[in-house]
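Enquirer:
In my numbering, the protein residues as written are 1 to 96.
This is the structure in structure tokens:
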């Protein structure tokens, strides 16, 4: 997978939409994927220290479980956030 392919929103949306709690929430999936691809993924690709990688994933997890707002149309349970991150991490680890 090339770096350009990693920034393909539909690729990540397909992964996220397979999770049971997100399968019926296209707006939520779209929002979370755009946030991940535009904000967290560039950091994850840039940092090299495990501490920095862990920090980026924790920041994304915290965002996922934060309550809904008028700017964040969805909320994930801790369990669903863990599943989503595990799926995303799996894709990124296959790239290495």
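We put the beta carbon where it would ideally sit given N, CA and C, even for glycine.
How would you write the range of the alpha helix (DSSP H) that residue 34 sits in, first residue to last?
Expert: 26 to 35
Enquirer: To the nearest whole angstrom, what separates the beta carbons of residue 27 and residue 73, a pair I think is in contact under 8 Å?
Expert: 5 Å
Enquirer: Taking its Cβ as the centre, do 16 or more other Cβ atoms sit within 10 Å of residue 139, making it buried, or is it exposed?
Expert: The requested residue 139 is not part of the displayed model; the chain covers only 1 to 96.
Enquirer: Could you compute how far the alpha carbon of residue 5 sits from the alpha carbon of residue 69?
Expert: 30 Å
Enquirer: Please report the residue range of the alpha helix (DSSP H) in which residue 10 lies.
Expert: Here the alpha helix (DSSP H) through residue 10 covers 9 to 17.
Enquirer: Helix, strand or coil for residue 38? Go by DSSP, reduced to three states.
Expert: helix
Enquirer: Output the boundary residues of the alpha helix (DSSP H) element that contains residue 95.
Expert: 78 to 95
Enquirer: Any idea if residue 81 is buried or exposed, counting beta-carbon neighbours within 10 angstroms, 16 or more meaning buried?
Expert: So residue 81 ends up on the buried side.
Enquirer: Helix, strand or coil for residue 63 per DSSP?
Expert: Three-state DSSP puts residue 63 in a helix.
Enquirer: Taking residue 6 as part of the alpha helix (DSSP H), name the residues at either end of that continuous run.
Expert: 3 to 6
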